[in-house]
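Data first, discussion second: the structure below is written as C-alpha coordinates.
In the numbering used here, the protein residues as written are 405 to 796.
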(Lines of atoms letter the chains of each structure in order from A and count residues from 1; the text may use other names and numbers.)
(Lines give C-alpha, C1' and ligand atoms only; values in the text may rest on other atoms or scores of the structure.)
Protein backbone atom coordinates (compact mmCIF):
# COMPACT_ATOMS: atom_id res chain seq x y z
CA UNK A 1 0.00 0.00 0.00
CA UNK A 2 1.27 3.45 -0.94
CA UNK A 3 0.79 6.55 1.27
CA UNK A 4 -1.65 8.26 -1.09
CA UNK A 5 -3.52 5.21 -2.42
CA UNK A 6 -6.94 6.70 -1.66
CA UNK A 7 -6.09 10.27 -2.65
CA UNK A 8 -7.76 11.71 -5.77
CA UNK A 9 -6.00 14.66 -7.40
CA UNK A 10 -7.37 16.81 -10.23
CA UNK A 11 -4.49 18.21 -12.26
CA UNK A 12 -5.17 21.46 -14.16
CA UNK A 13 -1.44 22.22 -14.29
CA UNK A 14 -1.07 23.35 -17.93
CA UNK A 15 2.70 23.29 -17.64
CA UNK A 16 5.74 21.64 -16.11
CA UNK A 17 5.69 23.23 -12.62
CA UNK A 18 2.26 21.98 -11.57
CA UNK A 19 2.76 18.69 -13.38
CA UNK A 20 5.99 18.23 -11.40
CA UNK A 21 4.06 18.80 -8.17
CA UNK A 22 1.38 16.24 -8.97
CA UNK A 23 4.00 13.78 -10.26
CA UNK A 24 5.23 13.31 -6.69
CA UNK A 25 1.69 12.65 -5.47
CA UNK A 26 1.23 10.08 -8.22
CA UNK A 27 4.57 8.44 -7.47
CA UNK A 28 3.26 7.67 -3.99
CA UNK A 29 -0.09 6.29 -5.00
CA UNK A 30 -2.47 9.18 -5.65
CA UNK A 31 -4.99 8.81 -8.47
CA UNK A 32 -3.91 11.87 -10.44
CA UNK A 33 -6.41 12.81 -13.15
CA UNK A 34 -5.19 15.28 -15.75
CA UNK A 35 -7.98 17.60 -16.86
CA UNK A 36 -6.88 18.35 -20.40
CA UNK A 37 -8.46 20.84 -22.75
CA UNK A 38 -9.75 19.99 -26.23
CA UNK A 39 -7.17 20.46 -28.99
CA UNK A 40 -7.17 19.51 -32.65
CA UNK A 41 -5.16 16.34 -33.20
CA UNK A 42 -2.97 15.78 -36.23
CA UNK A 43 -4.15 12.83 -38.31
CA UNK A 44 -1.84 9.83 -38.25
CA UNK A 45 0.21 11.07 -35.31
CA UNK A 46 -1.18 8.77 -32.62
CA UNK A 47 1.95 6.61 -32.39
CA UNK A 48 4.22 9.65 -32.18
CA UNK A 49 2.07 11.27 -29.50
CA UNK A 50 2.01 8.04 -27.52
CA UNK A 51 5.81 7.77 -27.60
CA UNK A 52 6.31 11.43 -26.65
CA UNK A 53 3.85 11.11 -23.77
CA UNK A 54 5.55 7.97 -22.46
CA UNK A 55 8.86 9.82 -22.09
CA UNK A 56 7.33 12.78 -20.22
CA UNK A 57 8.58 12.19 -16.69
CA UNK A 58 6.17 14.68 -15.10
CA UNK A 59 3.14 12.92 -16.64
CA UNK A 60 3.81 9.44 -15.29
CA UNK A 61 1.37 7.78 -12.87
CA UNK A 62 -1.51 9.90 -14.21
CA UNK A 63 -4.73 9.38 -16.10
CA UNK A 64 -6.18 11.86 -18.58
CA UNK A 65 -9.65 13.08 -19.45
CA UNK A 66 -10.38 15.83 -21.97
CA UNK A 67 -13.24 18.12 -20.94
CA UNK A 68 -14.65 21.20 -22.66
CA UNK A 69 -15.30 23.26 -19.55
CA UNK A 70 -17.11 25.88 -21.61
CA UNK A 71 -19.95 23.44 -22.24
CA UNK A 72 -22.77 22.73 -19.79
CA UNK A 73 -22.20 18.98 -19.96
CA UNK A 74 -18.47 19.51 -19.42
CA UNK A 75 -19.29 21.52 -16.32
CA UNK A 76 -21.36 18.64 -14.97
CA UNK A 77 -18.45 16.23 -15.53
CA UNK A 78 -16.22 18.61 -13.60
CA UNK A 79 -18.72 18.83 -10.73
CA UNK A 80 -18.82 15.05 -10.42
CA UNK A 81 -15.03 14.91 -10.38
CA UNK A 82 -14.77 17.62 -7.73
CA UNK A 83 -17.19 15.83 -5.42
CA UNK A 84 -14.85 12.81 -5.27
CA UNK A 85 -11.56 14.74 -5.26
CA UNK A 86 -9.20 15.46 -2.39
CA UNK A 87 -6.86 17.89 -4.14
CA UNK A 88 -7.13 20.20 -7.12
CA UNK A 89 -4.09 21.93 -8.57
CA UNK A 90 -4.29 24.65 -11.22
CA UNK A 91 -1.67 26.76 -12.94
CA UNK A 92 -3.69 29.44 -14.72
CA UNK A 93 -3.35 33.19 -14.40
CA UNK A 94 -5.71 34.74 -11.83
CA UNK A 95 -9.32 34.90 -13.01
CA UNK A 96 -9.23 32.08 -15.56
CA UNK A 97 -10.59 29.38 -13.26
CA UNK A 98 -13.32 31.76 -12.11
CA UNK A 99 -14.49 32.22 -15.70
CA UNK A 100 -14.68 28.43 -15.98
CA UNK A 101 -16.75 28.18 -12.77
CA UNK A 102 -13.83 26.27 -11.28
CA UNK A 103 -12.45 28.72 -8.72
CA UNK A 104 -12.03 27.75 -5.07
CA UNK A 105 -15.04 29.68 -3.76
CA UNK A 106 -17.31 27.86 -6.22
CA UNK A 107 -15.87 24.38 -5.81
CA UNK A 108 -15.62 24.36 -2.02
CA UNK A 109 -19.43 24.56 -1.95
CA UNK A 110 -19.47 21.21 -3.77
CA UNK A 111 -16.72 19.70 -1.63
CA UNK A 112 -15.72 21.45 1.62
CA UNK A 113 -12.86 18.96 2.07
CA UNK A 114 -11.23 20.00 -1.21
CA UNK A 115 -7.65 21.25 -1.01
CA UNK A 116 -7.25 23.72 -3.85
CA UNK A 117 -3.67 24.64 -4.82
CA UNK A 118 -3.14 27.57 -7.17
CA UNK A 119 0.24 28.18 -8.80
CA UNK A 120 0.44 31.68 -10.29
CA UNK A 121 3.20 34.10 -11.11
CA UNK A 122 2.47 36.73 -8.49
CA UNK A 123 -0.54 35.49 -6.54
CA UNK A 124 -4.22 36.42 -6.97
CA UNK A 125 -3.79 40.10 -6.10
CA UNK A 126 -1.24 42.89 -5.88
CA UNK A 127 0.22 45.24 -8.52
CA UNK A 128 1.69 42.42 -10.65
CA UNK A 129 -1.15 39.90 -10.33
CA UNK A 130 -2.30 40.13 -13.96
CA UNK A 131 1.17 40.40 -15.48
CA UNK A 132 2.42 37.54 -17.70
CA UNK A 133 5.87 36.14 -16.90
CA UNK A 134 8.10 33.07 -17.07
CA UNK A 135 10.88 31.54 -14.99
CA UNK A 136 13.62 33.97 -16.03
CA UNK A 137 11.33 36.90 -15.25
CA UNK A 138 10.61 35.60 -11.75
CA UNK A 139 14.26 35.00 -10.92
CA UNK A 140 15.20 38.43 -12.28
CA UNK A 141 12.46 40.22 -10.31
CA UNK A 142 13.27 38.08 -7.28
CA UNK A 143 16.93 39.09 -7.23
CA UNK A 144 18.31 35.61 -7.89
CA UNK A 145 19.49 36.28 -11.45
CA UNK A 146 21.58 39.22 -10.26
CA UNK A 147 23.72 36.71 -8.34
CA UNK A 148 24.39 34.29 -11.21
CA UNK A 149 27.34 35.01 -13.50
CA UNK A 150 30.86 36.34 -13.43
CA UNK A 151 31.98 39.53 -11.77
CA UNK A 152 31.42 42.59 -13.98
CA UNK A 153 29.66 40.40 -16.55
CA UNK A 154 26.07 39.84 -17.64
CA UNK A 155 23.80 37.52 -15.64
CA UNK A 156 23.76 33.87 -16.77
CA UNK A 157 20.43 32.19 -17.44
CA UNK A 158 20.26 28.79 -15.72
CA UNK A 159 18.80 26.01 -17.85
CA UNK A 160 17.20 24.10 -14.97
CA UNK A 161 14.25 26.28 -14.05
CA UNK A 162 14.64 27.70 -10.54
CA UNK A 163 11.31 29.47 -10.12
CA UNK A 164 9.29 26.79 -11.89
CA UNK A 165 10.59 23.53 -10.45
CA UNK A 166 12.76 24.35 -7.43
CA UNK A 167 10.43 27.19 -6.50
CA UNK A 168 6.70 27.00 -7.17
CA UNK A 169 6.45 23.26 -7.87
CA UNK A 170 8.10 22.09 -4.67
CA UNK A 171 6.54 24.83 -2.55
CA UNK A 172 3.19 23.74 -3.98
CA UNK A 173 3.87 20.15 -2.98
CA UNK A 174 4.76 21.20 0.57
CA UNK A 175 1.65 23.38 0.77
CA UNK A 176 -0.59 20.52 -0.32
CA UNK A 177 0.95 18.12 2.19
CA UNK A 178 0.52 20.64 5.02
CA UNK A 179 -3.11 21.21 4.01
CA UNK A 180 -3.74 17.45 3.95
CA UNK A 181 -2.32 17.15 7.46
CA UNK A 182 -4.44 20.09 8.63
CA UNK A 183 -7.54 18.47 7.13
CA UNK A 184 -6.98 15.44 9.35
CA UNK A 185 -7.43 17.77 12.32
CA UNK A 186 -10.17 20.09 11.03
CA UNK A 187 -12.05 18.00 8.49
CA UNK A 188 -11.91 20.92 6.07
CA UNK A 189 -9.98 21.70 2.93
CA UNK A 190 -8.42 25.07 2.16
CA UNK A 191 -6.91 27.30 -0.51
CA UNK A 192 -3.14 26.92 -1.03
CA UNK A 193 -1.81 30.08 -2.67
CA UNK A 194 1.64 29.63 -4.28
CA UNK A 195 3.28 32.45 -6.24
CA UNK A 196 6.40 31.87 -8.34
CA UNK A 197 7.89 35.17 -7.18
CA UNK A 198 7.29 34.32 -3.51
CA UNK A 199 8.97 30.96 -4.01
CA UNK A 200 12.03 32.54 -5.59
CA UNK A 201 12.39 35.02 -2.75
CA UNK A 202 12.05 32.18 -0.24
CA UNK A 203 15.11 30.58 -1.87
CA UNK A 204 17.15 33.65 -0.89
CA UNK A 205 17.40 32.27 2.65
CA UNK A 206 21.20 32.23 2.35
CA UNK A 207 21.71 35.77 1.01
CA UNK A 208 18.86 37.70 2.65
CA UNK A 209 19.97 37.57 6.31
CA UNK A 210 23.30 39.25 5.58
CA UNK A 211 21.59 41.93 3.50
CA UNK A 212 19.01 42.59 6.23
CA UNK A 213 21.78 42.85 8.81
CA UNK A 214 24.31 44.99 6.90
CA UNK A 215 22.37 46.61 4.05
CA UNK A 216 25.09 45.49 1.62
CA UNK A 217 23.74 44.42 -1.76
CA UNK A 218 25.42 41.19 -2.93
CA UNK A 219 26.72 41.21 -6.51
CA UNK A 220 27.44 38.28 -8.78
CA UNK A 221 31.00 37.12 -8.54
CA UNK A 222 31.51 39.04 -5.31
CA UNK A 223 30.06 36.67 -2.71
CA UNK A 224 31.45 33.50 -1.21
CA UNK A 225 29.32 31.24 -3.38
CA UNK A 226 29.43 33.13 -6.68
CA UNK A 227 33.13 33.09 -7.50
CA UNK A 228 34.73 35.60 -5.15
CA UNK A 229 36.81 33.04 -3.29
CA UNK A 230 39.39 30.67 -4.78
CA UNK A 231 38.08 27.79 -2.62
CA UNK A 232 34.57 28.05 -4.11
CA UNK A 233 35.02 28.48 -7.83
CA UNK A 234 34.93 27.00 -11.32
CA UNK A 235 38.19 26.26 -13.13
CA UNK A 236 39.03 25.42 -16.74
CA UNK A 237 41.04 22.29 -17.50
CA UNK A 238 43.51 21.24 -20.18
CA UNK A 239 40.80 19.72 -22.38
CA UNK A 240 38.60 22.83 -22.28
CA UNK A 241 36.21 21.26 -19.79
CA UNK A 242 35.56 22.57 -16.28
CA UNK A 243 35.72 21.50 -12.65
CA UNK A 244 34.14 22.89 -9.49
CA UNK A 245 35.88 23.43 -6.17
CA UNK A 246 33.75 23.96 -3.04
CA UNK A 247 36.20 23.70 -0.14
CA UNK A 248 34.19 25.90 2.21
CA UNK A 249 35.27 24.18 5.41
CA UNK A 250 38.92 24.73 6.43
CA UNK A 251 39.81 21.04 6.49
CA UNK A 252 38.77 20.57 2.86
CA UNK A 253 40.71 23.66 1.74
CA UNK A 254 43.77 22.39 3.60
CA UNK A 255 43.40 18.99 1.94
CA UNK A 256 43.22 20.59 -1.50
CA UNK A 257 46.26 22.79 -0.94
CA UNK A 258 48.26 19.84 0.35
CA UNK A 259 47.17 17.61 -2.53
CA UNK A 260 48.45 20.08 -5.14
CA UNK A 261 51.58 20.93 -3.15
CA UNK A 262 50.60 24.50 -2.32
CA UNK A 263 50.40 24.52 1.49
CA UNK A 264 51.29 28.22 1.54
CA UNK A 265 47.80 29.00 0.20
CA UNK A 266 46.06 27.59 3.28
CA UNK A 267 46.43 30.86 5.19
CA UNK A 268 44.15 32.78 2.81
CA UNK A 269 41.07 31.13 4.24
CA UNK A 270 42.07 31.64 7.88
CA UNK A 271 41.86 35.44 7.95
CA UNK A 272 40.49 38.22 5.73
CA UNK A 273 42.52 39.20 2.68
CA UNK A 274 41.87 41.93 0.10
CA UNK A 275 39.98 40.94 -3.04
CA UNK A 276 43.13 41.51 -5.08
CA UNK A 277 45.00 38.90 -3.04
CA UNK A 278 42.18 36.37 -3.39
CA UNK A 279 42.08 37.01 -7.14
CA UNK A 280 45.80 36.23 -7.29
CA UNK A 281 45.23 32.92 -5.50
CA UNK A 282 42.40 32.11 -7.91
CA UNK A 283 44.75 32.78 -10.83
CA UNK A 284 47.37 30.49 -9.29
CA UNK A 285 44.84 27.70 -8.99
CA UNK A 286 43.68 28.33 -12.54
CA UNK A 287 47.28 27.89 -13.74
CA UNK A 288 47.45 24.57 -11.90
CA UNK A 289 44.09 23.17 -13.01
CA UNK A 290 44.78 23.96 -16.67
CA UNK A 291 47.64 21.43 -16.63
CA UNK A 292 45.39 18.34 -16.55
CA UNK A 293 42.11 17.26 -18.09
CA UNK A 294 38.85 17.31 -16.20
CA UNK A 295 38.76 13.55 -15.76
CA UNK A 296 42.41 13.40 -14.72
CA UNK A 297 41.65 15.84 -11.92
CA UNK A 298 38.55 13.84 -10.98
CA UNK A 299 40.70 10.74 -10.58
CA UNK A 300 43.45 12.70 -8.81
CA UNK A 301 41.14 13.96 -6.07
CA UNK A 302 39.53 10.61 -5.31
CA UNK A 303 40.17 9.60 -1.68
CA UNK A 304 41.73 12.99 -0.88
CA UNK A 305 38.77 14.41 1.06
CA UNK A 306 38.32 17.43 -1.19
CA UNK A 307 34.95 18.92 -2.18
CA UNK A 308 35.42 18.72 -5.92
CA UNK A 309 33.36 17.84 -8.97
CA UNK A 310 33.63 17.65 -12.75
CA UNK A 311 31.20 19.75 -14.79
CA UNK A 312 29.43 16.99 -16.67
CA UNK A 313 27.04 16.71 -19.59
CA UNK A 314 23.74 14.89 -19.27
CA UNK A 315 24.95 11.78 -21.10
CA UNK A 316 27.74 11.48 -18.52
CA UNK A 317 25.47 12.17 -15.57
CA UNK A 318 22.94 9.56 -16.63
CA UNK A 319 25.64 6.88 -16.81
CA UNK A 320 27.38 7.83 -13.55
CA UNK A 321 27.77 4.85 -11.18
CA UNK A 322 26.42 6.77 -8.17
CA UNK A 323 23.39 7.98 -10.15
CA UNK A 324 22.69 4.44 -11.34
CA UNK A 325 23.25 3.00 -7.87
CA UNK A 326 20.64 5.40 -6.49
CA UNK A 327 18.26 4.38 -9.30
CA UNK A 328 17.88 7.95 -10.52
CA UNK A 329 17.66 6.62 -14.08
CA UNK A 330 15.28 3.70 -14.50
CA UNK A 331 13.64 1.81 -17.33
CA UNK A 332 9.90 1.21 -17.41
CA UNK A 333 8.17 -1.11 -19.85
CA UNK A 334 5.52 0.20 -22.27
CA UNK A 335 3.28 -2.17 -24.29
CA UNK A 336 3.97 -0.42 -27.61
CA UNK A 337 6.95 1.87 -27.11
CA UNK A 338 9.10 -0.73 -25.33
CA UNK A 339 11.51 0.15 -22.55
CA UNK A 340 11.33 3.84 -21.66
CA UNK A 341 13.95 5.63 -19.59
CA UNK A 342 12.67 7.80 -16.79
CA UNK A 343 14.16 9.89 -14.02
CA UNK A 344 14.00 7.90 -10.81
CA UNK A 345 12.32 8.85 -7.55
CA UNK A 346 14.41 11.24 -5.42
CA UNK A 347 12.23 10.63 -2.35
CA UNK A 348 13.27 7.26 -0.97
CA UNK A 349 11.08 6.02 1.89
CA UNK A 350 12.14 2.90 3.77
CA UNK A 351 8.68 1.39 4.40
CA UNK A 352 6.41 2.95 1.77
CA UNK A 353 8.59 3.69 -1.27
CA UNK A 354 7.07 5.25 -4.36
CA UNK A 355 6.69 3.42 -7.64
CA UNK A 356 6.27 4.20 -11.33
CA UNK A 357 3.12 2.24 -12.10
CA UNK A 358 2.37 3.81 -15.46
CA UNK A 359 3.96 6.12 -18.02
CA UNK A 360 2.55 9.32 -19.46
CA UNK A 361 -0.38 9.03 -21.86
CA UNK A 362 -1.81 11.24 -24.63
CA UNK A 363 -4.69 13.55 -23.76
CA UNK A 364 -7.99 11.76 -23.30
CA UNK A 365 -6.54 8.28 -22.94
CA UNK A 366 -8.79 7.53 -19.95
CA UNK A 367 -11.85 9.64 -20.77
CA UNK A 368 -14.18 6.65 -21.16
CA UNK A 369 -12.83 4.90 -18.05
CA UNK A 370 -13.16 7.97 -15.84
CA UNK A 371 -16.67 8.76 -17.05
CA UNK A 372 -17.80 5.23 -16.15
CA UNK A 373 -16.34 5.68 -12.66
CA UNK A 374 -18.42 8.86 -12.38
CA UNK A 375 -21.61 6.92 -13.14
CA UNK A 376 -22.14 7.66 -16.84
CA UNK A 377 -23.57 4.81 -18.94
CA UNK A 378 -22.74 3.92 -22.55
CA UNK A 379 -25.44 6.12 -24.04
CA UNK A 380 -24.48 9.13 -21.95
CA UNK A 381 -20.80 8.70 -22.80
CA UNK A 382 -21.60 8.53 -26.51
CA UNK A 383 -23.68 11.69 -26.23
CA UNK A 384 -20.86 13.53 -24.44
CA UNK A 385 -18.35 12.44 -27.07
CA UNK A 386 -20.62 13.36 -29.97
CA UNK A 387 -21.29 16.82 -28.54
CA UNK A 388 -17.60 17.50 -27.98
CA UNK A 389 -18.12 18.04 -24.26
CA UNK A 390 -15.45 15.40 -23.72
CA UNK A 391 -12.86 13.86 -26.04
CA UNK A 392 -11.29 10.42 -25.99
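Ideal placement from N, C-alpha and C gives every residue a C-beta, glycine not left out.
With a CB to CB cut of under 6 Å and the five nearest residues on each side skipped, what residues in its chain are close to residue i?
i, result
"residue 696", "642"
"residue 412", "435, 488, 489 and 490"
"residue 660", "651 and 710"
"residue 670", "658 and 661"
"residue 567", "539, 542, 543, 600 and 604"
"residue 714", "647, 698 and 702"
"residue 481", "471"
Where does residue i sit, in a helix, a strand or coil, going by DSSP?
i, result
"residue 435", "strand"
"residue 637", "strand"
"residue 598", "strand"
"residue 745", "strand"
"residue 419", "coil"
"residue 627", "coil"
"residue 753", "coil"
"residue 452", "helix"
"residue 735", "strand"
"residue 443", "coil"
"residue 693", "helix"
"residue 499", "coil"
"residue 542", "helix"
"residue 554", "coil"
"residue 509", "helix"
"residue 478", "helix"
"residue 584", "helix"
"residue 486", "helix"
"residue 536", "coil"
"residue 427", "helix"
"residue 724", "coil"
"residue 671", "helix"
"residue 729", "helix"
"residue 801", "Coverage of the chain is limited to positions 405 through 796, which leaves residue 801 absent and any answer about it impossible."
"residue 786", "helix"
"residue 603", "helix"
"residue 617", "helix"
"residue 666", "coil"
"residue 561", "coil"
Could you tell me whether any Cβ in chain B is nearer than 8 Å to the Cβ of residue i?
i, result
"residue 546", "The displayed structure is made up of one protein chain only, and chain B is not part of it."
Excluding five sequence neighbours on each side, which residues of the same chain lie with their C-beta closer than 7 Å to the C-beta of residue i?
i, result
"residue 777", "none"
"residue 533", "498, 526 and 527"
"residue 708", "659 and 663"
"residue 622", "551, 611 and 615"
"residue 421", "495, 523, 568, 569, 572 and 573"
"residue 462", "420, 423, 424 and 427"
"residue 561", "540"
To the nearest whole angstrom, what separates the beta carbons of residue i and residue j, a pair I think is in contact under 8 Å?
i, j, result
"residue 580", "residue 519", "6 Å"
"residue 634", "residue 682", "6 Å"
"residue 465", "residue 752", "Not confirmed; about 16 Å, so no contact."
"residue 788", "residue 477", "6 Å"
"residue 746", "residue 734", "5 Å"
"residue 798", "residue 494", "The chain is shown from 405 up to 796; residue 798 falls before or after that span and cannot be answered."
"residue 414", "residue 492", "4 Å"
"residue 583", "residue 593", "7 Å"
"residue 517", "residue 591", "7 Å"
"residue 767", "residue 486", "Actually they are not in contact, since the Cβ atoms of residue 767 and residue 486 sit about 20 Å apart, beyond 8 Å."
"residue 649", "residue 712", "6 Å"
So who's on the other strand from residue i, going by DSSP bridges?
i, result
"residue 648", "638 and 713"
"residue 579", "Residue 579 pairs with nothing; no bridge assigned."
"residue 467", "437"
"residue 521", "493 and 596"
"residue 795", "470"
"residue 413", "436 and 491"
Spatial neighbours of residue i within its chain, please: C-beta separation below 8 Å, excluding the five flanking residues on both sides.
i, result
"residue 451", "740"
"residue 631", "554, 555, 624, 625, 637 and 638"
"residue 757", "749"
"residue 716", "724"
Task: Meets three-Cβ-pair contact criterion under 8 Å: the region 683 to 702 and the region 627 to 639 - done: yes
Open item on the list: Taking contact to mean 3 or more Cβ pairs, one atom from each stretch, closer than 8 Å, check whether the region 455 to 464 and the region 738 to 757 are in contact.
Closed with: yes
Open item on the list: With three or more C-beta pairs closer than 8 Å as the rule, is the region 505 to 518 touching the region 567 to 574?
Closed with: no
- [ ] Decide if the region 538 to 554 is in contact with the region 584 to 597; the criterion is three or more beta carbon pairs, one per stretch, under 8 Å apart.
- [x] no
TODO: Mind the definition here: the region 549 to 558 touches the region 620 to 631 only if three or more C-beta pairs lie below 8 Å; say whether that holds.
DONE: yes
TODO: Could you tell me whether the region 782 to 794 touches the region 463 to 479, where touching means 3 or more Cβ pairs closer than 8 Å?
DONE: yes
TODO: Pair every Cβ in the region 499 to 506 with every Cβ in the region 422 to 434, then say whether three or more of these pairs are closer than 8 Å.
DONE: no
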